[in-house]
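A.B. asks: One structure, as structure tokens, below. Some questions next.
2 protein chains.
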Amino acid sequence: MSFTIKEASERLGCPAHTIRFYEKEGLLPYIKRDRHGNRLFEQDHLDWIRLMTCFRATGMKISLLKQMVNLALDGDATIPQRKAILNQYKEQLFRRQNELAEALDAVNNKLAIYEEIEEGRLPSESRLLNQMEDRHNQQTKRE
Amino acid sequence: MSFTIKEASERLGCPAHTIRFYEKEGLLPYIKRDRHGNRLFEQDHLDWIRLMTCFRATGMKISLLKQMVNLALDGDATIPQRKAILNQYKEQLFRRQNELAEALDAVNNKLAIYEEIEEGRLPSESRLLNQMEDRHNQQTKRE
DNA sequence: GCTTGCCTTAAAGTGTGCTTTAAGCCTTAA
DNA sequence: TTAAGGCTTAAAGCACACTTTAAGGCAAGC
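Chain order of the listed sequences is P and S. Sequential numbering from 0 applies to the first sequence in numbering that gives the first Met the number 0. Sequential numbering from 0 applies to the second sequence in numbering that gives the first Met the number 0.
Here is the structure:
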């Protein structure tokens with residue numbers, strides 16, 4: 000069972016142009032063609048594209064994906080190197096988790112401050128942007 | 000107490016050029032200058048830059064930061080709009096958390112498969128890239 | 001006085017990852 | 001048979017966020 004690029008695109012929710020781009024970048028070796036030169040994708044390819052999309056969405060660079068493809072093409076002997084790459088990437092994922100947690104903290108903090116200002120429990124000049132805003136108000140009043 | 004751009008840069012771990020870029024983009028209103036035209040940063044500015052850096056690291060667009068600055072400059076009446084922006088951003092953070100969790104799952108899965116292949120408990124053609132690799136091997140053997 | 005070094009600005013350049021365009025071929029339906 | 005619509009390619013274009021370059025000013029130390 001193989002799929003046209005349109006079918007692949009639909010199943011993956013990924014533009015056909017992007018899939019072609021990935022193939023051109025060497026991320027999709029061994030895509031067969033029909034007698035008209037149209038690409039024929041196997042289920043493996045769809046799985047691999049899905050995995051790449053997942054990794055891409057979380058910051059893996061295309062150059063790193065390409066390295067992994069190239070290593071895979073060189074056989075099982077490169078598995079240690081592929082593991083090393085994935086472990087580094089995993090570290091990156093942990094760092095991003097921390098960044099997200101920090102940002103979530105910061106945004107909740109900011110939202111809480113806005114609520115307090117809205118309820119009159121905090122003067123508007125309390126923090127950060129609000130200070131600038133206040134300075135702006137003072138300035139315009141002086142004019 | 001105010002800081003030169005160099006001090007700000009050192010304290011924030013952020014290139015001076017980037018800080019100037021942010022000011023040019025309108026993200027840092029009301030930066031004063033000394034008699035030579037050199038920027039003088041207040042603690043508020045450093046705090047705000049730090050917050051922006053945190054938001055930027057987790058995918059907030061500069062255009063959105065700018066919107067927030069512009070709203071803040073328009074006073075407390077815009078707090079509901081700022082809250083709306085932050086709440087949307089918060090949704091985005093949650094989506095990213097899910098993406099990270101999925102990627103972490105996928106990478107652990109892949110690592111587990113590599114270990115099994117290394118230990119001989121799985122043939123190398125088992126999944127995804129390994130299949131391509133296998134196809135490659137067959138092909139080269141046929142030649 | 002002159003060099004060093006940091007500051008200023010505006011503008012051009014870079015890296016990444018698509019996305020769009022242009023030109024053309026093949027198949028199918030009217 | 002001809003127009004529509006999908007496929008192909010190579011190449012150009014775009015969005016984003018810096019980053020680098022170029023040209024020059026000011027101040028302190030030798």
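Note that the Cβ used here is the ideal one computed from N, Cα and C, for glycine as well.
#1: At 4 residues or longer, what runs of the alpha helix (DSSP H) sit wholly inside the segment 16-93 of chain P?
#2: Beta carbon of I48 (chain S), beta carbon of Y21 (chain S): below 8 Å?
#3: Pair every Cβ in the segment 86-100 of chain S with every Cβ in the segment 83-100 of chain P, then say whether three or more of these pairs are closer than 8 Å.
#4: Using the rule of at least 16 other Cβ atoms within 10 Å of the residue's Cβ for burial, across every protein chain shown, is S62 (chain P) buried or exposed?
#5: Starting from E9 (chain S), trace the alpha helix (DSSP H) in both directions and tell me its first and last residue.
#6: In angstroms, rounded to a whole number, what distance separates the CA positions of K23 (chain P) and M51 (chain S)?
#7: Measuring CA to CA, which of P:E9, P:L92, P:L85 is closest to T57 (chain P)?
#8: Please name the residue, chosen from P:A111, P:N107, P:H35, P:C53, that lies closest to K109 (chain S) on a Cα-to-Cα basis.
#9: Given that E117 (chain P) touches chain S, what residues does it touch there, using C-beta distances under 7 Å?
#10: Could you pull out every residue in the same chain whose Cβ sits closer than 7 Å to the Cβ of I18 (chain S), ignoring the five residues on either side in sequence?
#11: Please compile the residues from chain P whose C-beta is within a distance smaller than 7 Å of the C-beta of D75 (chain S).
#12: Which term fits M67 (chain P), buried or exposed, when burial requires 16 or more other beta carbons within 10 angstroms of its beta carbon?
#13: Mapping DSSP to helix, strand and coil, what is H120 (chain P)?
#14: Sort S:K65, S:N107, S:Q87 by Cα distance to R81 (chain P) and report the nearest one.
#15: Give me the Cβ distance between D33 (chain S) and L39 (chain S), rounded to the nearest whole Å; I'm assuming they're in contact under 8 Å.
#16: Quick one: Cα of T77 (chain P) to Cα of L70 (chain P), how far?
#17: Against T57 (chain P), what residues of chain S qualify as contacts under a CB-to-CB distance less than 7 Å, listed in chain order?
#18: Can you check whether the CB of K65 (chain P) is closer than 8 Å to the CB of G25 (chain P)?
#19: Measuring alpha carbon to alpha carbon, tell me which of S:S123, S:E114, S:K89, S:D75 ends up nearest D104 (chain P).
#20: Are the Cβ atoms of S123 (chain S) and D75 (chain P) separated by less than 8 Å?
#21: I'd like to know if A82 (chain S) contacts chain P, where contact means its C-beta is closer than 8 Å to some C-beta of that chain.
#22: Using 8 Å as the limit for Cβ to Cβ distance, is R141 (chain P) near chain S?
#23: Nearest chain S C-beta to R45 (chain P) closer than 8 Å, yes or no?
#24: Rounded to the nearest angstrom, what separates A111 (chain S) and G119 (chain P) at their Cα positions?
#25: Could you say which of P:S1, P:K31, P:A83, P:D46 lies nearest to G12 (chain P) if we only look at CA atoms?
#26: Can you check whether the C-beta of R10 (chain P) is within less than 8 Å of a C-beta belonging to chain S?
C.D. replies: Reading from the atomic positions:
#1: Note on the segment 16-93 of chain P: whole alpha helix (DSSP H) runs with a minimum of 4 residues are 42-56, 61-72, in chain order.
#2: Taking the second sequence and counting its residues from 1, one reaches residue 48 (chain S) at position 49. Taking the second sequence and counting its residues from 1, one reaches residue 21 (chain S) at position 22. Yes.
#3: yes
#4: Counted from its first residue, the first sequence places residue 62 (chain P) at position 63. Answer is exposed; the Cβ neighbour count stays below 16.
#5: Here residue 9 (chain S) refers to the residue found at position 10 when the second sequence is read from its first residue. First-last of the alpha helix (DSSP H) with E9 (chain S): 4-11.
#6: Within the first sequence, numbered from 1, the residue matching residue 23 (chain P) stands at position 24. Within the second sequence, numbered from 1, the residue matching residue 51 (chain S) stands at position 52. Our two residues, K23 (chain P) and M51 (chain S), have alpha carbons roughly 37 Å apart in a direct line.
#7: The residue given as residue 57 (chain P) occupies position 58 in the first sequence. Closest option to T57 (chain P), Cα to Cα, is P:L92.
#8: Counting from one through the second sequence, the residue named residue 109 (chain S) turns up at place 110. Comparing Cα positions, the closest option is P:C53.
#9: As a first step, residue 117 (chain P) is located in the first sequence; it is residue number 118 there, counting from the start. Result: I78.
#10: Numbered from 1 along the second sequence, position 19 holds the residue referred to as residue 18 (chain S). Closer than 7 Å at the Cβ level, and outside the excluded window around I18 (chain S), lie I4, A7, S8, I48.
#11: Here residue 75 (chain S) refers to the residue found at position 76 when the second sequence is read from its first residue. Correct list: I116, S123.
#12: Indexing the first sequence from 1 puts residue 67 (chain P) at position 68. Burial call: buried.
#13: Position 121 of the first sequence, counting from 1, holds the residue named residue 120 (chain P). Reading off the sequence, residue 120 (chain P) comes out as Arg, not His. If DSSP states are grouped into helix, strand and coil, R120 (chain P) belongs with coil.
#14: For the purposes of this step, residue 81 (chain P) is taken as residue 82 along the first sequence, with counting starting at 1. Checked all of S:K65, S:N107, S:Q87; the closest Cα to R81 (chain P) is S:N107.
#15: The sequence position of residue 33 (chain S) within the second sequence is 34, counting from 1. The sequence position of residue 39 (chain S) within the second sequence is 40, counting from 1. Indeed they touch by this definition, with Cβ atoms about 6 Å apart.
#16: Position 78 of the first sequence, counting from 1, holds the residue named residue 77 (chain P). Position 71 of the first sequence, counting from 1, holds the residue named residue 70 (chain P). About 6 Å.
#17: Walking along the first sequence from the start, residue 57 (chain P) turns up at place 58. The answer, in chain order, is E98, L99, A102.
#18: Along the first sequence, read from residue 1 onward, the residue named residue 25 (chain P) stands at position 26. Along the first sequence, read from residue 1 onward, the residue named residue 65 (chain P) stands at position 66. In this structure, K65 (chain P) lies closer than 8 Å to G25 (chain P) by Cβ.
#19: Counting from one through the first sequence, the residue named residue 104 (chain P) turns up at place 105. It is S:K89.
#20: Numbered from its first residue, the second sequence carries residue 123 (chain S) at position 124. Numbered from its first residue, the first sequence carries residue 75 (chain P) at position 76. Cβ distance < 8 Å, so S123 (chain S) and D75 (chain P) count as in contact.
#21: Against the second sequence, residue 82 (chain S) aligns to sequence position 83. In the sequence on display, residue 82 (chain S) carries Lys and not Ala. So, interface residue.
#22: For the purposes of this step, residue 141 (chain P) is identified with residue 142 of the first sequence, where counting begins at 1. For R141 (chain P), the pLDDT reaches just 32, beneath the cut-off of 50, and the residue's location in the model is therefore unreliable, although a value from the coordinates is still provided. Output row for R141 (chain P): interface = no.
#23: Numbered from 1 along the first sequence, position 46 holds the residue referred to as residue 45 (chain P). The amino acid occupying residue 45 (chain P) in the given sequence is Leu; Arg does not appear at that position. No - not a single Cβ of chain S is within 8 Å of the one on L45 (chain P).
#24: On the second sequence, residue 111 (chain S) is found 112 positions in, with the first residue counted as 1. On the first sequence, residue 119 (chain P) is found 120 positions in, with the first residue counted as 1. For A111 (chain S) and G119 (chain P), the distance between alpha carbons rounds to 55 Å.
#25: For this step, residue 12 (chain P) is matched to residue 13 along the first sequence. G12 (chain P) has its Cα closest to that of P:D46, out of P:S1, P:K31, P:A83, P:D46.
#26: In the first sequence, residue 10 (chain P) corresponds to position 11, counting from 1. No, because no Cβ of chain S sits closer than 8 Å to the Cβ of R10 (chain P).
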